[in-house]
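First comes the structure, then the notes that go with it.
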Amino acid sequence: MVIRLLLGLIVVVFAFAVIRALAPARTVLAGAALAAGAVALVALNPAALATVEFWAGLVGFAAILSALMIVIHPNPMVSVLFLIVNLFCIALFYLILNAQFLAAIQIIVYAGAIMVLFLFVVMLLNLKAEEGLTARGGGLQRIGAVILGGLFAGLLFDAIRDRGAQPYFEPGSFASGFGTARELGGLLFTRYLFAFEAASLLLIAAMIGAVILAKRRLR
Amino acid sequence: MDPAVARVLVESTVKIALFFFVVLTVIAYMTWVERRVSAWIQDRRGPNRVGPFGLLQPLADGIKFLFKESIVPPHVYRPVYLLAPALIFIPSMVTLSVVPIGPAVSLFGWNIALQVADVDNGILVILAFASMGVYGIALAGWSSQNKYSLMGGLRSSAQLISYELAMGITVVGVLMTTGSLRLNDIVTHQIEHGWNVLYQLPGFLIFLTAAFAETNRLPFDLPEAETELVAGYHTEYSGMRFSMFYMAEYANMITGSALAATLYCGGYHVPGLHALGLSEPVAAAVQVLAFGAKVAFFLFVFVWVRWTLPRFRYDQLMNLGWKALLPIALLHLLWVSFLVLTGRG
Amino acid sequence: MRVEFFLLVAALLFTIGCVGVLVRRNAIVILMCIELMLNAVNLTFAAFAHESQSMTGHVFVFFVMTVAAAEAAVGLAIIIALFRRRRTTDIDDASLLRW
């Protein structure tokens with residue numbers, strides 16, 4: 001039931017994309033009609049809204065869609081924006097997986113700092129959309145990459161499917177501190193202390209390296 | 220639907236609606252407060268024509284903005300241009316949702332926390348959405364597709380990320396003495412051990428300075444100054460969208476004040492209220508009013524500083540953020556560690 | 565919530581990132597696809613941590629994020645340095661071993 005609802009919503013989104021591509025003038029009308037369709041679909045299966053599977057599926061769809069748009073869209077700034085959306089979806093996944101501290105850290109570090117860095121560079125270099133989409137090896141390189149990517153995905157899917165039955169943990173059975181800052185801090189400062197200190201050294205080295213590499217040479 | 224889920228949904232919806240209503244009203248009246256207080260500082264009258272003491276002025280301003288023509292310049296990147304004003308507003312609203320405005324009350328047999336979302340890592344939510352606040356301004360500057368807006372957006376984003384570091388470090392100082400990431404626990408700790416402003420005064424001052432920088436208020440408002448870069452990142456915006464930027468700035472001020480009150484000044488705590496022996500709902504109402512008073516005081520400080528100090532030049536601003544506030548914040552962290560080790564904090 | 569769902573989504577994100585690195589010419593977009601791959605790996609770690617109720621997965625995610633931040637900073641600095649020289653971020657133009 002959840003899968004049918006999700007498939008229905010995916011069809012609605014693709015229909016909107018198709019209509020927008022084919023008849024740009026009718027975008028608002030199509031958007032309103034399809035939004036009404038989506039709401040109707042959800043209203044027909046209200047019980048699905050309470051399941052984790054539905055929301056996880058929705059977030060997964062958003063993550064995959066934004067990832068595709070990163071790769072497809074020619075304008076690098078738009079790619080940055082879609083990566084931010086993707087990072088948000090992954091933060092939501094962390095919340096579903098009981099990793100609350102990681103979700104917050106993902107937004108603070110990845111979406112709030114690293115992506116600002118990307119945004120700055122794109123704005124500073126004032127990059128426009130890529131002119132011409134032909135790669136050096138011609139279109140053949142791109143088609144080859146996509147086919148090999150598809151094969152790789154198939155390989156990974158196969159490996160995941162053959163995992164066999166693992167014990168399934170009910171949501172309520174976690175130790176109450178799982179995923180909190182306290183637990184993670186406890187591990188970081190005892191068992192993984194060396195890696196923690198090495199990581200801070202790495203960050204200092206990266207900071208110094210970035211400043212030196214990007215410095216303007218004074219003539 | 221599960222009755223517990225239904226109850227949470229109803230409770231949250233009512234709280235969110237109330238929060239929105241209150242915050243939007245406060246934003247509207249902040250414009251009035253700003254104009255009257257600035258007039259008082261400059262020894263003149265403020266708006267006093269529209270309604271008694273000019274109290275209907277925000278209403279008149281709102282109606283004016285609504286009736287302005289909505290111009291979207293043709294050269295802008297439309298999707299992001301239309302999205303950017305909302306993107307500035309959203310982080311401050313979400314941050315406000317984790318701030319406790321009062322103690323938990325039991326009304327109608329339910330135990331209601333006076334907080335929209337009582338999450339276990341409230342401080343992390345605040346830091347997360349403080350860092351998300353950069354995007355609205357940077358994207359507004361970029362989507363306008365003109366050199367001045369781009370520069371204004373870049374400068375403003377650089378300023379925001381520089382000061383959010385110092386702010387984060389002072390918040391870590393509060394976290395160290397409290398030992399918990401929940402904002403309710405921070406307020407409870409302050410009720411028991413005294414307000415954080417008393418032993419973490421440098422941290423409080425750094426937090427307040429960083430809050431000024433984060434909200435783009437004078438003396439840190441170079442990116443949007445009228446004499447600089449035309450109007451910075453909101454050059455190409457007019458009418459209702461421009462007023463969204465204005466409102467978002469006040470919303471950010473309210474969030475900054477609420478955070479300063481909660482993290483350093485005891486939140487909803489009224490010292491000595493316990494001795495009065497009031498009944499629970501009345502005590503809760505008094506504490507909510509006390510919280511409101513603290514936020515109002517910080518808002519007044521925001522307006523007061525704006526009309527008193529001159530503006531920083533951009534390089535002075537960045538120097539202050541990196542070379543002055545950051546080392547002082549780190550030293551403050553050493554001080555707080557000393558407090559925690561000796562059992563004082 | 566079955567953990568295979570998260571593993572599948574992470575695998576898909578990883579392959580999309582891989583294909584992005586191979587297909588795009590703009591150096592910054594390539595760096596972004598690398599970040600996408602790192603995030604997919606983080607998601608896999610978090611999913612396995614959830615399944616085995618062990619916080620070690622979270623520690624790994626923490627370190628991967630740290631290294632990703634350092635790598636993004638240095639990578640972008642290199643791109644800026646290259647851009648100053650060549651006025652383009654097209655990596656097909658940086659195919660010679662000398663300037």
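Protein chains in written order, with the numbering used here: chain D, 1 to 219; chain X, 220 to 564; chain G, 565 to 663. Ideal Cβ placement from N, Cα and C applies to all residues, glycine included.
- Fewer than three beta-carbon pairs drawn from the stretch 314-329 of chain X and the stretch 58-74 of chain D are found closer than 8 Å, and the two stretches are therefore not classed as touching.
- Listed as beta-bridge partners of G321 (chain X) by DSSP are X:L333.
- D221 (chain X) sits in coil when the DSSP states are folded into three classes, being neither helix nor strand.
- Contact between L373 (chain X) and L87 (chain D) is ruled out by a C-beta separation of about 21 Å, above the 8 Å threshold.
- Contact check for H453 (chain X) and F439 (chain X): beta-carbon distance about 16 Å, past the 8 Å limit, so the pair fails to qualify.
- For N590 (chain G), DSSP records a beta bridge to G:D654.
- Considering only X:A477, X:G360, X:A494 and X:V390, the residue with the shortest C-alpha distance to L420 (chain X) is X:V390.
- Taking C-alpha positions only, A591 (chain G) is separated from L306 (chain X) by approximately 28 Å.
- About 19 Å separates the Cβ atoms of A99 (chain D) and A575 (chain G), ruling out a contact at the 8 Å cut-off.
- For Y533 (chain X), the enclosing alpha helix (DSSP H) has its first and last residue at Y533 to N538.
- For H412 (chain X), the uninterrupted alpha helix (DSSP H) run begins and ends at L402 to H412, by DSSP.
- At least 8 Å separates the beta-carbon of L400 (chain X) from that of I320 (chain X).
- Not flagged as an interface residue toward chain D: R649 (chain G), since no C-beta distance is shorter than 8 Å.
- Put simply, the stretch 353-366 of chain X does not touch the stretch 259-267 of chain X. Fewer than three CB pairs are less than 8 Å apart.
- Straight across, the Cα-Cα distance linking R226 (chain X) with L49 (chain D) is about 16 Å.
- The continuous alpha helix (DSSP H) containing N471 (chain X) extends over residues M459 to Y483.
- For N86 (chain D), the enclosing alpha helix (DSSP H) covers residues P76 to I96.
- Contiguous beta strand (DSSP E) elements confined to the stretch 98-129 of chain D do not occur, taking only those with 3 or more residues.
- The stretch 422-441 of chain X and the stretch 547-554 of chain X touch, with three or more beta-carbon pairs separated by less than 8 Å.
- Within chain D, not a single residue places a beta-carbon under 9 Å from that of V605 (chain G); the smallest gap is close to 11 Å.
- Inter-residue distance for K287 (chain X) and G281 (chain X) is about 10 Å (C-alpha atoms, whole angstroms).
- Look at the beta carbons and you see the stretch 428-442 of chain X touching the stretch 380-390 of chain X: at least three pairs across the two are nearer than 8 Å.
- For G475 (chain X), the CB contacts under 6 Å within the same chain, skipping 5 residues up- and downstream, are A430 and T434 in chain order.
- Along the length of the stretch 480-523 of chain X, whole alpha helix (DSSP H) runs at least 4 residues long occupy 492-495, reported in chain order.
- By the neighbour-count criterion, in which 16 or more other beta carbons inside 10 Å mark a residue as buried, S659 (chain G) falls on the exposed side.
- For P266 (chain X), there is no enclosing alpha helix (DSSP H), as DSSP gives it neither H nor E.
- With 16 or more other Cβ atoms inside 10 Å of its own Cβ, V122 (chain D) counts as buried.
- For I96 (chain D), the number of other beta carbons within 10 angstroms of its own is at least 16, and it is reported as buried.
- For S399 (chain X), no alpha helix (DSSP H) segment is defined, and its DSSP state is neither H nor E.
- In the three-state DSSP reduction, G562 (chain X) falls in the coil class, being neither helix nor strand.
- At least one CB of chain X lies nearer than 8 Å to the CB of T180 (chain D).
- Taking a cut-off of 8 Å on C-beta distances, the stretch 585-603 of chain G touches the stretch 632-647 of chain G, as three or more cross pairs fall below it.
- Using beta-carbon distances, G186 (chain D) does not count as an interface residue toward chain X, since no partner is under 8 Å.
- S368 (chain X) counts as buried, since no fewer than 16 other beta carbons sit within 10 angstroms of its beta carbon.
- With respect to F569 (chain G), A38 (chain D) sits apart: the two C-beta atoms are not nearer than 8 Å.
- Taking all protein chains shown into account, N330 (chain X) has fewer than 16 neighbouring C-beta atoms within 10 Å of its C-beta and is therefore exposed.
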